[in-house]
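Notes to accompany the following structure.
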Amino acid sequence: MTDRPKRLGVFGGAFDPPHNTHAALIALAFKQLHLDELRVFPTGVAWHKPRQLTPAVHRLAMSALAFACIPNVVVDGRETRRSGPSYTVDTLRELKQESPDADLFLVVGGDQARALPNWHAWQEILLLAIICVAEREDPTWASSVFTSPDALKSRFLRLEMPPSAIS
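If you're matching positions, the sequence shown starts at 35 in this note's numbering and goes up one per residue.
Below you can see the structure in the form of structure tokens.
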């Protein structure tokens, strides 16, 4: 046994469908962040997606199948059961209430890290979790790489991941 706090990874998204880059990112997060567990949260009502998502029950089932072979991954359906828009901050608040001593690590792609100031209650997200950023190829951002604001550098970690064009 160790006296260190539990290290809990948090990985949200549409997972419509889950794919190999998601699985690679999960494996990488375990290795680089020394996580005890990683929770996958398929989104419920995605406030930021312009298209209709596959029904949540199917995205949950696909995620469970896609990540079943990765130890200590839990597919958590709580966001799909919420009414109204699904916000990351609500999930982080719930996790912190359930495990107040745990350190939370929010795993995101560079595209989502750049969009963070547009997220609901994003400043609170920075208080609840360390933001772990994995860059990936994204033609809409050209070659720009996420850089955390100087005042917030302690709230961000970079995940070293080979770029992938799969999204």
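Ideal Cβ placement from N, Cα and C applies to all residues, glycine included.
- Do the segment 46–53 and the segment 87–99 touch if we need at least three Cβ pairs shorter than 8 Å? Flag = yes, the segment 46–53 and the segment 87–99 touch.
Practice task
Please say whether ILE165 and LEU140 have beta carbons closer to each other than 8 Å?
Solution key: In the sequence shown, counting from the first residue as 1, residue 140 sits at position 106. In the sequence shown, counting from the first residue as 1, residue 165 sits at position 131. A distance below 8 Å separates the beta carbons of LEU140 and ILE165.
So the candidates are ASP137, LEU160, GLN157, GLU158; which of them puts its Cα closest to the Cα of LEU42?
Locating residue 42 in the sequence shown gives position 8, where the first residue counts as 1. Looking only at ASP137, LEU160, GLN157, GLU158, the smallest Cα-Cα distance to LEU42 is reached by ASP137.
#### Entry: Own chain partners of GLU158 with C-beta closer than 6 Å, once the 5 adjacent residues on each side are dropped
Locating residue 158 in the sequence shown gives position 124, where the first residue counts as 1. Answer for GLU158: VAL123, listed in chain order.
Roughly how many angstroms separate the alpha carbons of ILE60 and ALA155, rounded to a whole number?
Here residue 60 refers to the residue found at position 26 of the sequence shown. Here residue 155 refers to the residue found at position 121 of the sequence shown. Cα to Cα, the separation comes out at about 25 Å.
Item to complete: Could you work out which residue in ALA57, GLU169, ARG115 is closest to GLY144 when comparing CA atoms only?
Response: Start at 1 with the first residue of the sequence shown, and residue 144 comes out as number 110. With distances taken between Cα atoms, GLY144 lies closest to GLU169.
Distance, VAL142 Cα to ARG112 Cα
Counting from 1 along the sequence shown, the entry for residue 112 is found at position 78. Counting from 1 along the sequence shown, the entry for residue 142 is found at position 108. About 19 Å.
Practice prompt. May I ask you to report which of helix, strand or coil DSSP gives GLU71?
Written response: For this step, residue 71 is matched to residue 37 along the sequence shown. In the structure shown, GLU71 sits in a strand (DSSP, three-state: E or B).
Checklist entry - According to DSSP, is ALA95 helix, strand or coil? => result What you label residue 95 is simply residue 61 of the sequence shown in a count that begins at 1. DSSP, read as helix, strand or coil, puts ALA95 in helix.
| task | Report yes if the C-beta distance between LYS130 and LEU162 is below 8 Å; otherwise report no. | result | Residue 130 sits at position 96 when you count from the first residue of the sequence shown. Residue 162 sits at position 128 when you count from the first residue of the sequence shown. Yes, Cβ-Cβ distance for LYS130 and LEU162 is below 8 Å.
Next item on the list: In the DSSP assignment, find the alpha helix (DSSP H) that holds VAL79 and state where it starts and stops.
Entry: Position 45 of the sequence shown holds residue 79. From DSSP, VAL79 is part of no alpha helix (DSSP H); its letter is neither H nor E.
Item checked: Outcome for ASP110 when other beta-carbon atoms lying within 10 angstroms are tallied against a minimum of 16 -> Here the question's residue 110 lines up with position 76 in the sequence shown. When all chains shown are included, ASP110 counts as buried.
For ARG41, which residues does DSSP report across the bridge?
-> Position 7 of the sequence shown, counted from the start, is the residue given in the question as residue 41. Bridge partners of ARG41 according to DSSP: ASP137.
### Task
Take the Cβ of LEU193 as the centre, count every other Cβ of all protein chains shown within 10 Å, and call the residue buried at 16 or more, exposed below.
Here the question's residue 193 lines up with position 159 in the sequence shown. By the neighbour-count rule (16 or more Cβ atoms within 10 Å), LEU193 is buried.
- Task: Find out if the Cβ-Cβ distance for the pair LEU62, MET195 is shorter than 8 Å.
- Result: As a first step, residue 62 is located in the sequence shown; it is residue number 28 there, counting from the start. As a first step, residue 195 is located in the sequence shown; it is residue number 161 there, counting from the start. Judged by their CB atoms, LEU62 and MET195 are nearer to each other than the 8 Å cut-off.
- Message: Looking at the secondary structure, which residues open and close the alpha helix (DSSP H) in which LEU161 lies?
- Response: Indexing the sequence shown from 1 puts residue 161 at position 127. That run of the alpha helix (DSSP H) goes 156–162.
- Item | Of the listed residues VAL107, ALA100, PHE75, nearest to SER120 (C-alpha basis) | By one-based count along the sequence shown, residue 120 stands at place 86. Considering only alpha carbons, the answer is PHE75.
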